[in-house]
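Here the sequence shown stands for residues 129 to 637, where the numbers follow the numbering used here. These notes are about the structure you will find just below.
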Amino acid sequence: MTIAPKAPRKLSMKARYSALTRDLDWDPSYVPAEEMFPYTTFEGITIHDWSKWEDPFRLTVDAYAKYQAEKDKRLYAVLDGFAQSQGHLSLTDASYLNAMKLFLQGVSPLEYQAHRNFAYLARHLNGPGPRFASLCQSLDEIRHAQTEIHTLSNYNKYYSGFHSYLHMHDRVWYLSVPKSFFDDALSAGPFEFLIAIGFSFEYLLTNLLFVPFMSGASFNGDLPTMTFGFSAQSDESRHMTLGLEAIKFLLEQDEKNVPLVQHWINKWFWRGYRVTALVAQMLDYMLPRKVMSWKEAFELYFEQQMMNGLFQDLAYYGITPPLHVDKAIQEKEYLSHQAYWILYQFSHAAAFTTSIPTEEHMDWLTEQYPDTFPVYRTLWEKERKNLENGGRHFIRGLPQLCQVCQIPMGFTEADEPFVQCQRESIYEGERYNFCSDGCKYIFDHEPVKFRQAWLPVHQIYQGNCGAADLPGVLQWYKMQPGDGGEYLGNVDNENWKTWHDMAETTGGH
Ligand code: FE
Ligand code: ZN
């Protein structure tokens, strides 16, 4: 007698995913759960049921690896083609690369740090769902770091300012703005990190940092960066969903979590927003061919998409829009002008160059900012007179820095363009200075943490930055002649002209 073999039963997608992920999890029997997961209680967050964490993607390692490999193959094909055809000569101008120098020095190292901390979450979150999501994000982030380094390394062959970016990230004054943002998140607990990076960074900064840099690339002929951007963008949308999942999970688990989450939203909105000062000036000043103004980007990505979309959804959980949001909305009118004015005057100590906006550029700024730009135009016109008299303006002294965001004090009160905004707190007899109410609020909640901030200016004065004079500090930064200062007449500017003259006389490049 023969028995016909039964057709194998096929598992549903959901069951298959569960078998490959959550079913592999186990409950510890010879150590208490608190010992196995020691870091998820000290922040005061209460989780009753980790299995309520829904994974919206149901990725397996197999699917993940195939998908990412496809994207990498496409990217590296573009990189090769661009390198072989001297594609860098088809950029709008060598000055465009200042935006990419800032990206490589300021943002790529953050990708690597995100990789490390998501690996930590992949070990230390109690539930298998969030652990696997964190593992995937950890892999995404190291891929981003690597693809960005590969993409931009081609420019390092021909242009200044791309070398030593990791070394610079740890030491240079303007890079301490993004670095301190991430250090703050890395040294927080796992849930605060999830809100800081998974939520604020992915939501606010993906739209207000990543997208503007990538559209800037596409508008200025930078095909490799644009391709890298597309390749990362599909990961970013996964990260944004994870961030939103995390926040909803915390809010649904226990009502006691709501005020903690609200504080982190307040804090990380302002910290993220302060980092975008670098993006604001990039959009309005650094790009030779403009994409949109900072004001337009802020209105579209923040006011419309986040304030009207996201925060309306979160209101259901009792979450209100972040504190100081009104200040950010006011600042959209002048943030970029004040940020670039700072960078312009200190670029002799930076690994990017700056230059006075042309008349045409200023006309565009006047159109974009009819109410506020006229004041700054007067400033630039004064500077043009300085230039005509041979006196390009660089500040030789050291500025006071905000204790929290570490940006040199240069932002003003909203309606008074000549009154510097300065706040202070006294903590244990010491005075600390801030650029804004937002930064003061952050300090006042965690004075013990922020009093330890590694402020580049204080460190120079304390003799911890190689030397007491500018050349010595620049050497300690590993800056080379040509990395910073004025763009016009700079080595990149001169080479650019020479290469294009050559291309013209030989009929192409
Ligand atoms: Fe990333
Ligand atoms: Zn500040």
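Yeah, the Cβ is synthetic: ideal placement off N, Cα and C, and Gly gets one too.
Reference residue i, options the options, closest by Cα
i	options	result
residue 489	478, 505, 481 and 499	505
residue 540	525, 565 and 556	565
residue 375	595, 180 and 615	180
residue 534	137, 571 and 543	571
residue 258	580, 137 and 366	366
residue 222	620, 390, 270 and 352	620
residue 406	462, 436 and 243	462
residue 274	241, 633 and 383	241
residue 484	451, 290 and 615	615
Residues of its chain near residue i, where Cβ-Cβ distance is below 8 Å and the 5 sequence neighbours each way are ignored
i	result
residue 514	520 and 521
residue 192	264 and 267
residue 581	308, 531, 532 and 534
Sub-8 Å separation of residue i and residue j beta-carbons
i	j	result
residue 364	residue 338	yes
residue 468	residue 413	yes
residue 202	residue 145	no
residue 369	residue 184	yes
residue 415	residue 224	yes
residue 171	residue 330	no
residue 477	residue 583	no
residue 378	residue 464	no
residue 253	residue 306	no
residue 276	residue 232	yes
residue 394	residue 173	no
residue 537	residue 563	yes
residue 545	residue 576	no
residue 479	residue 229	yes
residue 150	residue 318	no
Contact set for residue i: own chain, Cβ-Cβ below 6 Å, skip 5 residues either direction
i	result
residue 355	203 and 206
residue 324	313 and 396
residue 460	423 and 426
residue 301	584
residue 392	320 and 323
residue 655	It is not possible to answer for residue 655, since the shown part of the chain is limited to 129 through 637.
CA-to-CA distance, residue j to residue i, given in whole angstroms
i	j	result
residue 298	residue 304	7 Å
residue 448	residue 260	30 Å
residue 510	residue 438	44 Å
residue 554	residue 498	39 Å
residue 637	residue 219	Confidence is the limiting factor: at residue 637 the pLDDT is only 47, short of 50, which leaves the residue's position unreliable, though a coordinate-based value still follows. If I take the Cα positions, the gap works out to 13 Å.
residue 309	residue 176	31 Å
residue 445	residue 189	33 Å
residue 624	residue 281	18 Å
residue 284	residue 160	52 Å
residue 435	residue 380	21 Å
residue 524	residue 431	38 Å
residue 418	residue 592	40 Å
residue 632	residue 618	21 Å
Residues near residue i in its chain [Cβ-Cβ closer than 7 Å; skip 5 each side]
i	result
residue 139	147
residue 349	218, 219 and 220
residue 605	296, 299 and 300
residue 594	600, 601, 603 and 604
- Please determine if the region 491 to 500 and the region 442 to 457 are in contact, where contact requires at least 3 C-beta pairs separated by less than 8 Å. No, they do not touch.
- Task: Please confirm if the region 209 to 225 is in contact with the region 388 to 406, defined as three or more CB-CB distances below 8 Å between the two stretches.
- Result: No, because fewer than three Cβ pairs between the region 209 to 225 and the region 388 to 406 fall closer than 8 Å, the two stretches do not touch.
- Stretch pair the region 149 to 168 + the region 340 to 349: three plus CB contacts closer than 8 Å: At 8 Å Cβ cutoff, the stretches do not touch.
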